[in-house]
Amino acid sequence: MTVHHAAGVGYQRSAGGYERSRPSYPMAALKELADALPLQGGRTVVDLGAGTGKFTRLLALTGAEVIAVEPVREMRERLAELLPGVAVTDGTAEDTGLAGGSADAVVAAQSWHWFDAAGALAEVERLLRPGGALALVWSTYDTSVPWVREFQDIYFRRTPRDLPSPLDGGWRAAFTGRPGWSALEERHWANPHPTTVDDVVERMMSSSHIVVLGAAEQERVRAEMLDLLRRQGATHGEQRLEMPYTTDVYWLRRTR
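Here the sequence shown is numbered in UniProt numbering, starting from 1 and rising by one per residue.
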């Protein structure tokens, strides 16, 4: 499988910005998954599309053995630097290169929408031991806040037609009527992220499809962002503000 151009090139160029500007996840979400999957010492969890390890480092806190799978070299190298105790391998969700029946759980945090769902689900089924579980995790913007809705509008105005997104719920189709799986369960948590003006701008500028824009268009995006933040009264690079996110967690279990 090939990696979508926006992810393969965008994240190649912005691994550092991705790590700096993205939030972590609520510990309540980790606890829910650790209990549901379950995750503990003596069990193995595979983290698909692990990126720079934002969720990987939380999985490691459970005591489970974590194997991070990441196809973009720059992201993989950053993860290995930050988490030297975690096994990191080059692979895709559709072809991890891992042995069949080697995982008790598989997790995809902020990544499942990038995958070919049918291929990824077949690979998950190959990896999981009997009774194993799959969890999908996303951070989404809390667009009930007007300025965050405008932030997301700036993002979407530059979105290519083929850019995958978890927001349309299309990812659910792969699980509908799929034999051998339990019903999908889900939980959602508010996840306010203390940040700065500089980091909010970098959050936008390190987005995969923004990074691959030409220089002139990137400058227009930056100018729109600074204008938006100025209208919120945030004008200085290190000035603190809070960006509201929601953490969305879904999981289901193999029934055979």
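Here a beta-carbon is modelled for each residue, glycine too, at the ideal position from N, C-alpha and C.
Remember, it's a predicted structure, so these values are computed and weren't measured experimentally.
With which residues is residue i paired in a DSSP beta bridge?
i      : result
Thr247 : Ser139 and Trp189
Pro194 : Glu242
Thr44  : Glu65
Trp181 : Arg254
DSSP on residue i, reduced to helix/strand/coil?
i           : result
Glu242      : strand
Arg254      : strand
Pro146      : helix
Arg20       : helix
Gly10       : For Gly10, the predicted structure reports a pLDDT of 43, less than 50, and the residue's modelled location is therefore unreliable. A value from the coordinates is still provided. If DSSP states are grouped into helix, strand and coil, Gly10 belongs with the helices.
His5        : Because His5 sits at a pLDDT of 43, beneath the cut-off of 50, its placement in the model cannot be relied upon, and the following sentence gives the value as read from the coordinates. If DSSP states are grouped into helix, strand and coil, His5 belongs with the helices.
Ser208      : helix
Ala174      : helix
Tyr155      : helix
Leu37       : coil
residue 258 : The question about residue 258 has no answer here: the residues shown for the chain are numbered 1 through 256.
Arg161      : coil
Leu167      : coil
Leu213      : coil
Using 8 angstroms for Cβ pairs, my map puts residue i next to residue j. What's the rounded Cβ distance?
i           : j      : result
Met243      : Val148 : 7 angstroms
Gly49       : Glu70  : 7 angstroms
Arg256      : Gly180 : 5 angstroms
residue 272 : Arg240 : The question about residue 272 has no answer here: the residues shown for the chain are numbered 1 through 256.
Leu33       : Ala135 : 5 angstroms
Ser139      : Tyr245 : 5 angstroms
Val197      : Ala223 : With 8 angstroms as the limit, Val197 and Ala223 do not qualify as a contact, their Cβ atoms being about 14 angstroms apart.
Arg29       : Val201 : In the sequence on display, residue 29 carries Ala and not Arg. Actually they do not touch by this definition, with Cβ atoms about 27 angstroms apart.
Is the closest heavy atom of the ligand HEM to the C-beta of residue i under 7 angstroms?
i     : result
Gly91 : Because no ligand of any kind appears in the structure shown, any question about the ligand HEM cannot be addressed here.
At 3 residues or longer, what runs of the beta strand (DSSP E) sit wholly inside the UniProt domain "Methyltransferase type 11" (46 to 135)? 65 to 69, 87 to 89 and 103 to 109
Pairing CB atoms from the stretch 56 to 70 with CB atoms from the stretch 151 to 164, are three or more of them under 8 angstroms? The stretch 56 to 70 and the stretch 151 to 164 do not touch, with fewer than 3 CB-CB distances between them shorter than 8 angstroms.
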